[in-house]
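Residue numbers (our numbering): 177 to 385. Only one structure is covered here, and it is reproduced in the block below.
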């Protein structure tokens, strides 16, 4: 437990201010689902997050919204992992896709899988990016869309797929081209959520194959 708590605490320092906040009670609802599937008691979740059981209960009921530091800790605790055969099969399908597609943790934007086409888009070897958050490279349009997810039903039990557009991010580290793309939210076996990002069409000029 100490190692998990230390990891969460260390992550807060790098996560605060870089990840979008989840509006309203949705993060608390996700925490309750995560606990249920992992059979983690509220008291133990509180220990891992450095808060009381009562605070966890209020988060989950929606009567208290976690602050920025608390949200960062919850995100790190619940970050998506490919724990089951079904989860790993989803990642395999993404890796082998003929399109430009990638899979990230819905809460931390940590990269879980990507196709060869997306690897070319990013302009970086997959080994350099897997396991790291792509949020620092998000375009202004992606950041704006992230802020509206709650209003669009993204955190509801049956979220819609969202089609969005972005301009290029103009990053030399990880490229995002001007394009139209689709977001789809998947629930993984441990109760965490992943996001599939699928490019529908590029605006000209697009990437060179």
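In this text, a Cβ means the ideal position worked out from N, Cα and C, and glycines have one as well. It should be emphasised that the depicted structure is a prediction, and the values quoted were computed from it without experimental measurement.
In this structure, does DSSP put residue i in helix, strand or coil?
i: residue 236; result: helix
i: residue 331; result: coil
i: residue 250; result: helix
i: residue 371; result: strand
i: residue 339; result: strand
i: residue 280; result: strand
i: residue 243; result: coil
i: residue 263; result: helix
i: residue 271; result: helix
i: residue 255; result: coil
i: residue 219; result: helix
i: residue 387; result: Residue 387 is absent from the structure shown; the chain starts at 177 and stops at 385.
i: residue 225; result: helix
i: residue 314; result: coil
The beta strand (DSSP E) that contains residue i, what's its start and end?
i: residue 355; result: 355 to 363
What are the boundary residues of the alpha helix (DSSP H) that residue i is part of?
i: residue 302; result: 302 to 305
i: residue 295; result: 292 to 298
i: residue 204; result: 202 to 214
i: residue 349; result: That residue, residue 349, is in no alpha helix (DSSP H); it is neither H nor E in DSSP.
Hey, how far is the Cα of residue i from the Cα of residue j?
i: residue 378; j: residue 210; result: 36 Å
i: residue 220; j: residue 293; result: 42 Å
i: residue 326; j: residue 279; result: 20 Å
i: residue 368; j: residue 332; result: 14 Å
i: residue 277; j: residue 320; result: 21 Å
i: residue 253; j: residue 241; result: 17 Å
i: residue 265; j: residue 237; result: 34 Å
i: residue 289; j: residue 274; result: 13 Å
Looking only at its chain, what residues have a beta carbon closer than 6 Å to the beta carbon of residue i, apart from the 5 residues adjacent to it on each side?
i: residue 354; result: 343, 344, 379
i: residue 232; result: 218, 221, 222
i: residue 225; result: 249
i: residue 263; result: 364, 365
i: residue 341; result: 356
i: residue 228; result: 222
So, for residue i: in the same chain, excluding its five sequence neighbours on each side, which residues have a beta-carbon less than 7 Å away from its beta-carbon?
i: residue 308; result: 286, 287
i: residue 313; result: 345, 347, 349, 350, 352
Per DSSP, residue i is paired with what?
i: residue 324; result: DSSP output for residue 324 lists no bridge partner at all.
i: residue 309; result: 286
i: residue 377; result: 356
Which residues in the same chain have their Cβ closer than 8 Å to the Cβ of residue i, if we skip the five residues on either side of it in sequence?
i: residue 300; result: 349, 350
i: residue 260; result: 364, 365, 366
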